[in-house]
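Under our numbering, the residue at position 298 of the sequence shown is numbered 356, and the numbers go up by one with no gaps. Glycine included, every Cβ here is placed at the ideal spot set by N, Cα and C. Report on one structure; see the data block that follows.
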Amino acid sequence: MAILVTGGLGYIGSHTVVELLNSGFEVVIVDDLSHTERFILNNIEEITGKKPVFYPFDLRRRELLTQVFEAHKIDGCINFAASKAVGESQMIPVDYYENNLFSLINILQEFKAREISNFIFSSSCTVYGQADTMPIDENTPLKMPESVYGKTKQMGEEILIDFAKAYHRKISLLRYFNPIGAHPSGKIGELPIGVPDNLVPYVMQTAAGIREKLNIWGDDYPTEDGTAVRDYIYVVDLAKAHVAALKKLIEDQSAETVIDIYNLGTGKGSSVLEVVKAFEKANHVEVPYQICPRREGDVIIAYANPAKAENELGWKSETSLEESLRTVWEWQKYLNSRN
Ligand code: WQD
59 MAILVTGGLG YIGSHTVVEL LNSGFEVVIV DDLSHTERFI LNNIEEITGK KPVFYPFDLR
119 RRELLTQVFE AHKIDGCINF AASKAVGESQ MIPVDYYENN LFSLINILQE FKAREISNFI
179 FSSSCTVYGQ ADTMPIDENT PLKMPESVYG KTKQMGEEIL IDFAKAYHRK ISLLRYFNPI
239 GAHPSGKIGE LPIGVPDNLV PYVMQTAAGI REKLNIWGDD YPTEDGTAVR DYIYVVDLAK
299 AHVAALKKLI EDQSAETVID IYNLGTGKGS SVLEVVKAFE KANHVEVPYQ ICPRREGDVI
359 IAYANPAKAE NELGWKSETS LEESLRTVWE WQKYLNSRN
């Protein structure tokens, strides 16, 4: 079975391609290389011994996407391709709506025309905004996200739900909490382009001396140590959840229309300071930091109740925060060796 993986050379995409290939799926990647580099494709082959088909183009090029569906029997899609920088999305909202939603709609037009089902969507816990109670489960009411990025994720979910209902198709919306870490081989990981937005890549670059010090955005939150709390899930565990969600859709012959929704997290919250200390302990390095004012749009606390995914997908996040952070440092050392 050939699975289309959009953004398949990106951070979570590349780790998911590895797990798909290891599970015996054929993979067709479309990636415009705007947030990654081609060497990731070679490293996927090194890790798995298999070379996925790769097309380097922007999914808004509908005519090129049609050619992919004409050349391959596509049986499902995992859609990662999207712009994902929260801060940037506030500055160029129209570009975010166009890229994230036009790309999705182009794929769905092909799925509609060719009667294809099994669509996995890369969504985010950001659709919950600041949830009133913890842990966050799938029945938690959605709130209009603060960021344009988050709004594109919520709109993407709505588009897919309407698609599944109208055309009787099977979809799975995967709401990630905070993905971190790198593949144990040290050959794929998060390629921060420019100044990292996210905490862990910034911690990594600070420890490596690329950044002078980490800015901790706020230590006056109503949490144990005053810094904000998130649910940091190891990227390989997250990738395995995608394969489990896809297999469930493929095997689910019970109904034509299936709308699965899963929160993918560890179920444990960690503060910014706890992440910094865990990184230092795991890798015997120092991460200099300074406390700064809060970052606009940040929620105070967000961690998952992963019980639904555990029960229905037979999946569980197994990797500790420290082990995830150890893989990050190995990845930085690999990047240093390439330069
Ligand atoms: C985590 C915590 C920051 C950087 C976003 C998206 C989510 C997903 C992951 C794509 C916060 C603090 C961060 C820094 C800091 N996106 N921080 N100094 O904002 O929880 O989630 O990225 O998949 O959809 O919403 O992640 O890593 O940016 O921040 O203090 O230099 O670390 O304030 O409390 P976030 P993050």
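Compute the Euclidean distance between the alpha carbons of residue 101 and residue 246, then round it to the nearest angstrom.
7 Å
Cβ-Cβ separation, residue 231 to residue 319 (assumed contact under 8 Å), whole Å = 5 Å
| message | Output needed for residue 114: all residues of its chain with C-beta closer than 7 Å, excluding positions within five of it in sequence on either side, in chain order. | response | 89, 90 and 91
_N-terminal and C-terminal residue of the alpha helix (DSSP H) that residue 302 is part of_ = 293–309
*Can you name the residues that DSSP bridges to residue 232?*
180 and 320
Q) Is the beta carbon of residue 189 within less than 7 Å of some heavy atom of the ligand WQD? A) no
Taking only the alpha-carbon atoms, compute the straight-line gap between residue 254 and residue 260 and give it to the nearest angstrom.
5 Å
Next item on the list: For the alpha helix (DSSP H) holding residue 373, just list the boundary residues, first then last.
Entry: Premise fails: residue 373 is in no alpha helix (DSSP H) and is neither H nor E.
- Message: Between the alpha carbons of residue 185 and residue 208, how many angstroms are there, rounded?
- Response: 6 Å
- If you draw a straight line from the alpha carbon of residue 104 to that of residue 338, how long is it in whole angstroms? 30 Å
Contact belief for residue 64 with residue 137 at Cβ below 8 Å, rounded distance in angstroms = 5 Å
Which of the three DSSP states, helix, strand or coil, is assigned to residue 134? strand
| Should the region 199–208 be regarded as contacting the region 175–190, the criterion being three or more beta carbon pairs within less than 8 Å? | yes
Q. Is the beta carbon of residue 335 within less than 7 Å of some heavy atom of the ligand WQD?
A. no
key: Distance between residue 265 and residue 363 (C-alpha atoms, nearest Å)   = 32 Å
Margin query: Suppose the cutoff is 8 Å on Cβ atoms and the five residues either side in sequence are ignored; what does the same chain contact list for residue 344 look like?
Written below: 265 and 338
Quick check: the Cα distance between residue 252 and residue 270, rounded to an integer number of angstroms? 15 Å
Problem set entry | residue 337, DSSP secondary structure in three states | helix
Practice item. Reducing DSSP to helix, strand and coil, say where residue 144 ends up. Key: helix
request  = Work out the CA separation of residue 154 and residue 225 for me, nearest whole Å.
outcome  = 27 Å
Worksheet item: Is residue 398 near the ligand WQD, judged by its Cβ being under 7 Å from some heavy atom?
Response: Lying before the first or after the last residue shown, residue 398 is absent from the chain, which here runs from 59 to 397.
**Prompt:** Going straight from the alpha carbon of residue 346 to that of residue 273, what length do you get?
**Reply:** 9 Å
Distance between residue 149 and residue 141 (C-alpha atoms, nearest Å) = 13 Å
Contact set for residue 176: own chain, Cβ-Cβ below 6 Å, skip 5 residues either direction:
134, 228, 307 and 308
Are there 16 or more other CB atoms within 10 angstroms of the CB of residue 77, so buried, or fewer, so exposed? buried
**Request:** Return yes when the Cβ of residue 223 is within less than 8 Å of the Cβ of residue 315, no when it is not.
**Result:** yes
What whole-angstrom Cβ distance do residue 291 and residue 236 have, given they're in contact under 8 Å? 7 Å
Exercise for the section: Sort out for me which residues DSSP pairs residue 288 with in a bridge. Expected result: 328
**Beta-carbon contacts of residue 357 that lie in its chain and below 6 Å, excluding the five residues immediately before and after** = 188
Exercise. So, residue 297 versus residue 359, is the Cβ gap smaller than 8 Å?
Worked result: no
| Cα-Cα, which of 127, 268, 220 and 310 is closest to residue 370? | 310
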